[in-house]
Structures are given as C-alpha cells and as structure tokens.
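Trainee: Each protein sequence line maps, in turn, to chains A and B. Heads up, the first sequence is in this note's numbering, so the first residue is 11 and it goes up one at a time. Heads up, the second sequence is in this note's numbering, so the first residue is 9 and it goes up one at a time. What follows is a structure written as structure tokens; I'll ask about it next.
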Amino acid sequence: MANRVITYSEAVREAIAQAMEADSNVFMLGEDIGIYGGAFGVSGDLYHRFGAERIRDTPISELGIVGAAVGAALVGMRPIVEIQFSDFTSQAMDQIVNQAAKIHFMLGGELSVPMVLRAPSGSGTGAAAQHSQSLETWFAHIPGLKVVLPSNPRDAKGLLLAAIDDPNPVIVLEHKLLYKTSGPVPEEPFRTPIGVADLVREGKDLVIVATGVMVSRSIAAADQLKEQGIKATIIDPRTLSPLDMSLINDAIAASGRVMLVQEAPKHVGFMAEVAARIAEGPALYSLLAPVKRICGMDIPIPYAPQLEKAAVPQIEDIIAGAVALMREP
Amino acid sequence: MVSITPLISPESGSLELDRSAALSALESMLTIRSFEEAVDGLFARGLMHGTMHLSIGQEASATGICVALKTTDYITSTHRGHGHCIAKGADLTRMMAELLAKQTGYCRGRGGSMHIADTKTRNLGANGIVAGGIPIAVGAALAQKMRNENNVVVSFFGDGATNEGAFHEALNLGAIWDLPVIFVCENNKYGMSNSTELSMRVDKVSDRASAYGIAGVTVDGNDVNEVYQAAVAAVQRARSGKGPTLIECETYRWKGHSKSDKNLYRTKEEIDQWKAKDPIIRFQEIILQNQLVTQTDVDALANQVRETIREAIKDASAAPDSDPAELLSSVYREVYNG
Ligand SMILES: Cc1ncc(C[n+]2csc(CCOP(=O)(O)OP(=O)(O)O)c2C)c(N)n1
Ligand SMILES: [Mg+2]
Chain A
11 MANRVITYSE AVREAIAQAM EADSNVFMLG EDIGIYGGAF GVSGDLYHRF GAERIRDTPI
71 SELGIVGAAV GAALVGMRPI VEIQFSDFTS QAMDQIVNQA AKIHFMLGGE LSVPMVLRAP
131 SGSGTGAAAQ HSQSLETWFA HIPGLKVVLP SNPRDAKGLL LAAIDDPNPV IVLEHKLLYK
191 TSGPVPEEPF RTPIGVADLV REGKDLVIVA TGVMVSRSIA AADQLKEQGI KATIIDPRTL
251 SPLDMSLIND AIAASGRVML VQEAPKHVGF MAEVAARIAE GPALYSLLAP VKRICGMDIP
311 IPYAPQLEKA AVPQIEDIIA GAVALMREP
Chain B
9 MVSITPLISP ESGSLELDRS AALSALESML TIRSFEEAVD GLFARGLMHG TMHLSIGQEA
69 SATGICVALK TTDYITSTHR GHGHCIAKGA DLTRMMAELL AKQTGYCRGR GGSMHIADTK
129 TRNLGANGIV AGGIPIAVGA ALAQKMRNEN NVVVSFFGDG ATNEGAFHEA LNLGAIWDLP
189 VIFVCENNKY GMSNSTELSM RVDKVSDRAS AYGIAGVTVD GNDVNEVYQA AVAAVQRARS
249 GKGPTLIECE TYRWKGHSKS DKNLYRTKEE IDQWKAKDPI IRFQEIILQN QLVTQTDVDA
309 LANQVRETIR EAIKDASAAP DSDPAELLSS VYREVYNG
C-alpha cells in the first residue's frame, strides 16, 4: 500500500503510534496533547489509544517539560516533546541548548539524550510575530542537536521515526501550513535517514534548494517555470544538521545556477550556510552566476494577511527569482 | 475616537451604592461584551482572520480592577486582553481597526488581537506569550519605585500562566523589592484545555503568594464589586510601599479557548452553570434592587453601547488596509524620545 494517501498530521501521528507500539519507553509530553488532541490536532486520538500516562498532558511549563524529557531520556526513556508553537522553545532554551545538546560531549561520551522535540513552525496563519517564526537556524547553530524540517507527509513520518531511533536530541520543525496537506505515505514503519537530502525533481537549467513549506512553493513555481521553458532541479536538504551537500554540489556542477529559498529572515539564515558551503567547495567553479537567495524579510512576522504574505517568499517571488537568475550572464 | 466613559471610583467605597460609579462599571462590562460579540460575529463571517481569544463571561475582573486604578497607572495584559484594554480606556475604533488589519489600528495591522498596546492609557500591551507580561510588569513597577513615581502596575494573566517559571520569578522579584505591582490572576479554570485540578496541587492560585511572602486573596471574579474591593486594598498596599498582592479572580470563559476549540475537555452543564453566574446580569440585578438605576437606564445604556460598537466597526472598516510598502519601518527605532 505504498500509494496510500494521508495528511501530514496523520503521518506524524502514525509515526508516534507505531513507535509507541514498538517500544514502551516511547512516550509523549506536551501542552493540550491529551483530550484536546493538540493545538494543531496532531496527537488527535492518541490519548484515547495510549492513555494519560504515555500521552502526558502538561501544564504550561515549557522549560519544565523539556527538562523532564531530558532527564527521562538520560535514564533510558524515549520522550517526544511537543512544544505548541516553535516560538515557545525560547522558554525552554536552557534545557535544549545548555543541557540536551551538550551532555553527551561534555561528559566525555558517557550519557546521551535520545529525545525528540517536535514543534509547529512558520507563518501563514495570521498568528503574528510571537507565533509565526522560523527558528531553525537557532538550533542548527548548536553542535549536538540534529535538526530536521520535513516538507511532505512521507518525510514527516520517515524522519520522525528516524528521529525517535536516534540516540541524540533531534529537533523536528513541522510547518503549520503543511499539516492539512496530503500525500502518499507507506503504512509500515519506515525510516527516512537523517542527514540525507532529497532530490525532489530534476531539471537542467537551475537548482533550487528549499526547506519547509518553501519546497512545495518551489514545486509550484517550477511547474510554471517549465511553461516558460525554464527547467529547475529542486533539492530539499530535509536535515539542516548534519547537512548533506553532495546532491547540491552535484546539481550545481550540472547547471551552474543555484537559488536558495527559505522562509526565515535572510540575515544569518540557514541558506547563508548553504551559500558558504557552495563557495568553499567544488561547486564554486561551476557557477555561471552569483548564488541567489530568496528569503523572508528581516522583520518580525506581521498580522495583516497582505503584510504576512509580503514578509515571506511566495510562489511568484520564487518564479521572479528564477527568471532573474536565468538572465544573469 | 470612542472609548468608554472613564471609570469612576465610588465615593461610598462600593460600586453597588453609587449611581455614577455603578453606571460606569456597567458600561465597561457591556462594552467588553458587545465588542467581543461583534468580533466573534465578524470572525464567523470571515471578515477577520488569524485567531481570537474572547473573554466573554470574564468582564468583571478587568472592570473591577481598573476602577481602582488612576489613569497614570500601568497594566500588562494577555492574549485574552480586549477587556483589559477597553476597561483601561482604549479607543474602540483603533482596537477594531487593528483586528481588521487596518493601517489605523493600534499596531498598524502588524499585531492583531494578541498585541494591542496603548501608550495613552498606559497599557503596556497584550502578549502572545503566556506569562510574558508578568516580569515586564515587575520591571515597570521597579521603574516607578526608582523614579519616585506614585504609580502602580497591574499584571493580568491566567491560571495557566502561574505554571510558568516567569510567574514565579516575577513574584519573587516583586516581593523582595517591595514593588508597587499587583498580580491579577483571572482563574477561568483552564489553560487551553488543561484544568487547574490537573495542573496544580494547591487548592487556590492565591495559595502561591505565601511561597513568596506576599499577600494573596481569592475573590469571586464574576462579582465586579468584590473584585473592586480587593483591588482597592492591593492598590493601597502597593502605593504605600508595602509591596505586591496576588489577587485571584475566579471566573469562566464562555467561549472556546480560541477559534480551534471543540470544547472536548468540559461539559455543557459546566458552561451553563457559569452562564447562570453572568457578571453583567448579576451586577444589573443588584443595582436595580438598590434602586441606583431603573430598567430604562439599563436598556438605554445597552443600546448606546451597541451603537458605539457599530460605529467603531463602521469607522474601522472604512480605514485603509495596512500597507506592505512600509514593512521595513520600525524594526529598529531611529530616534529615542522617551
Ligand atoms: C509560553 C507559551 N506557551 C503556550 C502558549 C499557548 N497558549 C496560549 S494561551 C494558552 C492557555 C493560557 O491559559 P491561561 O493562562 O489560564 O489563560 P486563559 O487562556 O485561560 O485566559 C496557551 C497554552 C503560549 N501562547 N505561550
Ligand atoms: Mg485560564
């Protein structure tokens, strides 16, 4: 049944359920994940299937619950924390950055923190500046954390199962606008390896590297670009840390043009790292035009729908960027 | 420009014995109710976007507290902040314009419901972060003390917020520095879906005050006069340098937590029981009984309030949409002018 189609949130839920069925050490904790079913409905009926002990509804205490997950992980459990909006990881940063990320290294490799932290990320819901950020670069900058951004239902399941297996803390940022999108997802438990990029489609003219919701926007843009005779390769790194550059480098060698698309603000964003790695590596010699970045504006996310749209790349911006890049000498 | 008639503190010391004070408190509560019902309607008709946290059923706590404040006193508010904002005297048209994503809104359409602030009425802002405003209130109170200003600062927050570290750290700071800050917990029994029974082992939120050596009191949050009395005592304590008070107002939100709430965690009976304790009807009955007002007064006030809200919606709707061309402005301040 490889072609079964389910939503992104169903895929996340299925991964959690399969992991919990397979291993009694796996449990979930977070705010309103019980009877309410999660702020975005991701935990859904898990509370009724697994009970309050393993689907732990917590008070509003992000630092406490992430810390509790770190502690439980240190002594053999496999906690999955849901932070209601990725913006609220800021409440829990000490446990994520100073504790979870560093314990294994700091203690000379003795203990480790096999914890998964999932959180909805990104803009597009009219929730304004404190509920709409794309904070992946914060986490990607911290050695010891792995960071994944599943961009479709299949990867949402596969990457989450891989994250649960992983003996390290893994931050999984799920885009809010993707939860209701659907796609084919295998029913059996399967793993999408962490640290391996995905070749979404191949085209000879330019390479688009995109993350999160920008992957589907890039696909939509590429469909329209095709009508104008421009054929784009699309690469979704999927994992930000550790970063797999091999696909990107190979694709640039083939077409000589690359456009990097992210929702987060441009300044010091994840794509700055990708651009730097391109500049440091063999791909630099194949470039026919400067690297182009299409990113969010360097502002907090505003509330008004027309402002919110203007603040982050839309399909038209990606198309315009690609056309401009093709016109470079 | 429309706001409620400024709240009047009763010379008698009771909102239930003084006609003009009673009418102003009633107007505040009716305006909050009417504003939020209108917002709920606009949302249902697809004319408002994002999400919305309504305080219908909780109008007495915002009102009772603000009656006890001077116009120069400060407040910090929450995601469920329309009531605080209105009771402190905000312009209803600018509030509505903000929710309608207009350039004339309090935040030029950048903030929406969760971020309205009003320098004129000294509302330091609603907040999208649960408990985010509590330490900020402590800081504002510290500034009052350091600059010998005689203002107090009220921080509104919910029961759920008292499980955040920010609440505990803020209470302790306010306590050790004897600050003129009043912590007002609007205990509506739930965070989003998590009940107080499940989220804390103390019986009352006000029990938490003793851990920090400050005064704590629980009042019927649907009784505007009882809230007012507690606020007066707390304000007096704060202004005379005797430090913070934690006031717990027991109340209930009638509507779901936000627009995505299916009310799975509570029963219809419970909601109905609390609707029977409607703070507005209760107060109306008392002041009618005490012959401070007539039914005609009450009806006229209700009509006037509805008309005011209609005007606010009309004026706000006619305003220009917020402008993407100026999105890069105000990320940083250019010039500091206090
Ligand atoms: C730090 C943080 N955690 C979680 C949330 C999501 N959230 C918004 S309101 C809310 C419930 C707050 O409960 P309470 O403090 O009791 O206020 P009420 O909504 O009942 O007025 C939650 C969990 C948030 N906005 N900020
Ligand atoms: Mg509450």
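The beta-carbon is built from N, C-alpha and C at its ideal position, and this holds for glycine as well.
1. Just to check my reading of the structure: T13 of chain B and S42 of chain B have Cβ atoms closer than 8 Å, yes? What is that Cβ distance to the nearest angstrom?
2. Under a three-way DSSP split, which group does T316 of chain B fall into?
3. Rounding to the nearest angstrom, what Cα-Cα distance links N230 of chain B and Y313 of chain A in this structure?
4. Along the chain, where does the alpha helix (DSSP H) that runs through F200 of chain A open and close?
5. Name the residue from A:G136, A:V158 and A:K214 whose alpha carbon lies nearest to the alpha carbon of L187 of chain A.
6. Kindly say whether N202 of chain B, judged by its beta-carbon, lies nearer than 9 Å to any beta-carbon of chain A.
7. Please list the partners that L272 of chain B has in chain A, where partner means a Cβ-to-Cβ separation under 9 Å.
8. Which chain B residues sit within Cβ distance under 8 Å of E41 of chain A?
9. Find the nearest neighbour of V235 of chain B within the set B:E172, B:E194, B:K212 and B:A320, judged by alpha-carbon distance.
10. Name, please, each residue of chain A whose Cβ falls closer than 8 Å to the Cβ of A109 of chain B.
11. Please report the distance separating the alpha-carbon of N13 of chain A from that of V195 of chain A.
12. Starting from S251 of chain A and walking both ways along the beta strand (DSSP E), at which residues does that stretch end?
13. What's the C-alpha gap between T147 of chain A and S228 of chain A?
14. Let me know the alpha helix (DSSP H) ranges lying completely inside the stretch 151-221 of chain B, each 4 residues or longer, listed in chain order.
15. Straight-line CA distance for P275 of chain A to V322 of chain A?
16. Got a sec? Which residues, its chain only, sit under 7 Å from Q105 of chain A by beta carbon, not counting five neighbours each side?
17. Could one say the Cβ of L73 of chain A lies closer than 9 Å to chain B's Cβ atoms, at least one of them?
18. Run the Cβ filter for me: residues under 6 Å from any heavy atom of ligand 2, listed in the order they occur in the chain.
19. Give the secondary structure of P130 of chain A by DSSP, where H, G and I count as helix, E and B as strand, and everything else as coil.
20. Name the chain B residues that come within less than 8 Å of D67 of chain A, Cβ to Cβ?
21. Where M37 of chain B and A134 of chain B are concerned, what is the direct C-alpha to C-alpha distance, given to the nearest angstrom?
22. I want to verify the contact list: residues of chain A whose CB lies under 7 Å from the CB of Q147 of chain B, in sequence order.
23. Can you find the residues in the same chain that come closer than 8 Å, C-beta to C-beta, to T17 of chain A, ignoring five residues on each side of it along the sequence?
24. Taking 6 Å as the limit between beta carbons, can you name the residues of its chain near D246 of chain A, skipping five residues before and five after?
25. Between R27 of chain B and E319 of chain B, what straight-line distance do the alpha-carbon atoms span, to the nearest angstrom?
26. Could you give the uninterrupted runs of the alpha helix (DSSP H) lying entirely in the stretch 238-302 of chain A, keeping only those of 4 residues or more?
27. Helix, strand or coil for Y189 of chain A? Go by DSSP, reduced to three states.
28. Is the distance from the Cβ of G154 of chain A to the Cβ of H185 of chain A below 9 Å?
29. Should the stretch 98-117 of chain B be called in touch with the stretch 281-294 of chain B, which here means at least 3 C-beta pairs below 8 Å?
30. Show which residues of chain A have a CB atom less than 9 Å away from the CB atom of S330 of chain B.
31. Find the nearest neighbour of S17 of chain B within the set B:V232, B:V47 and B:E172, judged by alpha-carbon distance.
32. Reducing DSSP to helix, strand and coil, say where N271 of chain B ends up.
33. Answer with yes or no whether the minimum CB distance from M125 of chain A to chain B is below 9 Å.
34. Can you tell me where the beta strand (DSSP E) holding F37 of chain A begins and where it ends?
Mentor: Working from what's here:
1. In fact, because the Cβ distance is near 14 Å, the residues do not count as touching under 8 Å.
2. helix
3. 32 Å
4. Where F200 of chain A is concerned, there is no enclosing alpha helix (DSSP H), given that its DSSP letter is neither H nor E.
5. A:G136
6. yes
7. I45, Y46 and G47
8. G199, M200 and N202
9. B:E194
10. Y313, A314, P315, Q316 and L317
11. 7 Å
12. T249 to S251
13. 20 Å
14. 173-184 and 204-207
15. 8 Å
16. L73, V76, G77 and V80
17. yes
18. B:G166, B:D167, B:G168, B:N196, B:Y198 and B:G199
19. strand
20. S201, N202 and L206
21. 19 Å
22. A small correction: the amino acid at residue 147 of chain B is Gly; Gln does not occupy that position in the sequence shown. The premise fails here: G147 of chain B is roughly 18 Å from chain A at the closest Cβ pair, so nothing lies under 7 Å.
23. P163, Y189, K190, T191 and S192
24. S161, D208, V210 and V225
25. 27 Å
26. 256-265 and 280-290
27. coil
28. no
29. no
30. P312, Y313, A314, Q316 and L317
31. B:V232
32. coil
33. no
34. V36 to G40
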